[in-house]
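For the sequence shown, the UniProt record's numbering begins at 1 and goes up steadily by one. Heads up, the thing below is written out as structure tokens.
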Amino acid sequence: MNVIFESCDIVSMTFAKIRGLISYMKANPKEWRDYFTSTHFWGPVVNFSLPLAAFRDMSQKPDIISGRMTFALSLYSLMFMRFAWKVQPRNLLLLFCHSLNEAAQLIQGYRFYKFHYGVSCFNKPVSESGEDNTNDMDVDHAENFDDQHVACVLFSYYRNAFISCFVGRKTKMGPKKMQKGKKVAEMPAALKKKVVEPKKKPNPLFEPRPKNFGIGQDIQPKRDVSRFVRWPKYIVLQRQLAILYKRLKVPPAINQFRFALDRPTTSQVLRLLKKYRPETKRAKLKRLKSRAAKQAKGKEDAPSKRPPVVRFGVNTVTTLVEQKKAQLVVIAHDVDPIEIVVFLPALCRKMGVPYCIIRSKARLGKIVNRKTTSCLALQHINPSQLIGENS
1 MNVIFESCDI
11 VSMTFAKIRG
21 LISYMKANPK
31 EWRDYFTSTH
41 FWGPVVNFSL
51 PLAAFRDMSQ
61 KPDIISGRMT
71 FALSLYSLMF
81 MRFAWKVQPR
91 NLLLLFCHSL
101 NEAAQLIQGY
111 RFYKFHYGVS
121 CFNKPVSESG
131 EDNTNDMDVD
141 HAENFDDQHV
151 ACVLFSYYRN
161 AFISCFVGRK
171 TKMGPKKMQK
181 GKKVAEMPAA
191 LKKKVVEPKK
201 KPNPLFEPRP
211 KNFGIGQDIQ
221 PKRDVSRFVR
231 WPKYIVLQRQ
241 LAILYKRLKV
251 PPAINQFRFA
261 LDRPTTSQVL
271 RLLKKYRPET
281 KRAKLKRLKS
291 RAAKQAKGKE
301 DAPSKRPPVV
311 RFGVNTVTTL
321 VEQKKAQLVV
331 IAHDVDPIEI
341 VVFLPALCRK
351 MGVPYCIIRS
361 KARLGKIVNR
371 KTTSCLALQH
381 INPSQLIGEN
391 S
């Protein structure tokens with residue numbers, strides 16, 4: 001009986017210290033660890049001088065920790081884990097059994113005590129005066145329990161008050177508010193009537209003039225162009241050319257290059273031009289070798305006339321047109337820049353020279369053994385070949 005009441009005194013003193021600790025922590029939150037680990041705080045309960053790390057694992061020094069000491073140190077470890085390690089209050093009972101490292105014996109003693117004395121002893125307070133009471137624990141059976149079993153029983157007896165120290169004041173649940181009616185789901189946004197906002201009428205005195213920073217439009221604003229990259233020159237030219245053709249008024253001299261010969265007429269002109277193709281370098285070399293061989297054999301070298309060929313190049317064609325020696329002028333439609341041949345149709349019309357515009361400067365260049373050429377001119381045409389073309 002003395003063991004039981006002595007443990008009850010330890011628990012009551014421990015709870016008094018815990019409540020004092022909580023009030024002290026609220027007043028001085030920065031100094032609570034020093035106050036909590038001092039001997040002055042735990043002196044009336046149990047006298048110890050173990051390091052702080054020893055309380056985290058209660059199995060480090062089992063020879064020092066006795067039954068009552070185990071209960072007091074377990075309270076200390078729970079307080080440390082609650083406030084320093086942020087352990088939730090619902091896990092305190094499990095941590096208490098785990099920290100004693102003898103959870104099986106404690107639970108067995110708790111069940112043995114509950115089997116002999118019933119549940120009523122846990123719901124009634126133990127007499128602290130020391131007087132004999134029928135509701136108190138039986139003295140005859142008290143010698144069967146050691147200090148650890150008594151500590152477990154006392155903790156289970158005081159567990160509600162102990163956990164309330166960690167949780168705080170108990171909050172009373174207010175009466176539930178009665179719902180007047182069921183909540184109805186809102187209508188979908190698509191079914192709701194859309195509120196038509198009145199359109200704001202613009203002021204007629206101020207006409208909006210948005211800026212256009214395209215090619216040939218408003219001046220570009222000043223900006224940091226250190227990380228800008230220039231467009232290639234051919235891209236700038238083709239964009240400028242597209243803008244030039246999209247203007248409202250296109251000059252007739254430029255606009256006429258959009259209308260070229262049809263396909264059958266173009267094929268007839270190309271067949272005629274191929275008959276007057278100029279001599280290639282390989283053919284010229286072969287002709288000169290055969291002529292030199294004849295001279296070596298002592299044969300006479302009769303001079304021959306130069307055969308009529310197609311003349312090409314804008315300067316050559318312009319000269320032939322000005323001298324009225326050209327009988328037909330063929331101009332490519334995609335000369336870039338267009339200023340090279342833009343004057344040639346007007347010159348041919350002025351001098352009475354027939355001309356035509358054919359698609360692709362590459363097709364004209366293929367006739368004169370080049371990649372491209374801007375224009376061609378026929379100076380001499382065999383009437384027999386011309387009749388054959390017409391037929």
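Glycine included, each C-beta is placed from N, C-alpha and C at the ideal position.
Three-way DSSP call (helix, strand, coil) for residue i in this model
| i | result |
| --- | --- |
| A253 | helix |
| V353 | coil |
| I331 | strand |
| A377 | strand |
| R263 | helix |
| K371 | coil |
| I338 | helix |
| V314 | helix |
| G109 | Low local confidence applies: a pLDDT of 48 at G109 is under 50, so the model's placement there is unreliable, with the coordinate-based value given in what follows. Here G109 sits in helix by DSSP. |
| I235 | helix |
| I215 | coil |
| Q385 | helix |
Inter-residue Cα distance where the pair is residue i and residue j
| i | j | result |
| --- | --- | --- |
| N212 | P202 | 21 Å |
| T265 | Q240 | 32 Å |
| I381 | T318 | 18 Å |
| K361 | M351 | 24 Å |
| R349 | N315 | 17 Å |
| V250 | S304 | 51 Å |
| L378 | A260 | 19 Å |
| S226 | Q217 | 23 Å |
| L347 | L244 | 23 Å |
| A185 | E197 | 26 Å |
| K199 | R247 | 35 Å |
| A283 | K289 | 10 Å |
| P252 | K294 | 57 Å |
| L205 | Y234 | 44 Å |
| L320 | V342 | 17 Å |
| P221 | P210 | 14 Å |
| R230 | I219 | 17 Å |
| A326 | L270 | 17 Å |
| P232 | E322 | 38 Å |
| P208 | D224 | 28 Å |
Proximal residues to residue i (C-beta, below 6 Å), its chain only, five neighbours per side dropped
| i | result |
| --- | --- |
| P354 | L328 |
| N123 | For N123, the pLDDT reaches just 42, beneath the cut-off of 50, and the residue's location in the model is therefore unreliable, leaving the point undetermined. |
| L376 | V310, F312, V330 and L364 |
| R359 | A260 and H333 |
| K299 | none |
Spatially closest choice to residue i from the options, by CA coordinates
| i | options | result |
| --- | --- | --- |
| R311 | A260, I340, D334 and I367 | I367 |
| E339 | P210, T280, I254 and F206 | I254 |
| P308 | F343, L272, R287 and R209 | L272 |
| R306 | Y276, A326, F228 and G298 | Y276 |
| L344 | P208, F257, L270 and K281 | F257 |
| I215 | Q323, L237 and V341 | L237 |
| I357 | L205, R209, I235 and R263 | R263 |
| D336 | A242, M187 and D224 | A242 |
Close beta carbons around residue i, own chain, < 7 Å, minus the five adjacent residues each side
| i | result |
| --- | --- |
| A189 | none |
| K274 | I367 |
| K182 | none |
Rounded distance between the beta-carbons of residue j and residue i, thought under 8 Å
| i | j | result |
| --- | --- | --- |
| S374 | A332 | 6 Å |
| R291 | D301 | 7 Å |
Close Cβ partners of residue i (< 8 Å) along its chain, the five nearest in sequence each way excluded
| i | result |
| --- | --- |
| N369 | R277, P278 and T280 |
| K371 | A362 and G365 |
| K324 | M351, G352 and V353 |
| K297 | none |
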